[in-house]
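Below is one structure; the comments refer to it alone.
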Amino acid sequence: MEVQVKDGQTLADIAIQEYGSLEALPALAAANGIGMTETLAAGSRLQLPDVSYNRLIQQYCKANDVSPATERGMTDVKLRVFSGEFSPQFN
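For the sequence shown, our numbering gives the first residue as 1, with consecutive numbering after it.
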């Protein structure tokens, strides 16, 4: 399987979106021959290794069309992964 990168997404965002966990980051990077911090071009495609990490969050992302993207700013980087409504369910 593969996934198309959306604007602003990092490999970490894809790991959360597709596997529900940052633990997938090394496997995702290795499967695509890229570094874990490499900047991804919107529209590019990534191969998805057939592994499982956190099915609960993975299913939530799929069911609710969650596409995490790292917010780009001048002074710092903030993850816009989940809204406030998501957090109470998993805290």
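Even glycine gets a Cβ: it sits at the ideal position worked out from N, Cα and C.
If you draw a straight line from the C-alpha of residue i to the C-alpha of residue j, how long is it?
i, j, result
"residue 35", "residue 65", "26 angstroms"
"residue 38", "residue 3", "16 angstroms"
"residue 68", "residue 49", "19 angstroms"
Helix, strand or coil: how does DSSP classify residue i here?
i, result
"residue 47", "strand"
"residue 16", "helix"
"residue 9", "coil"
"residue 38", "coil"
By alpha-carbon positions, which one of the options ends up nearest to residue i?
i, options, result
"residue 1", "47, 69, 63, 60", "47"
"residue 8", "41, 56, 49", "41"
"residue 56", "16, 11, 12, 30", "16"
"residue 60", "12, 10, 5, 19", "19"
"residue 51", "63, 31, 45", "31"
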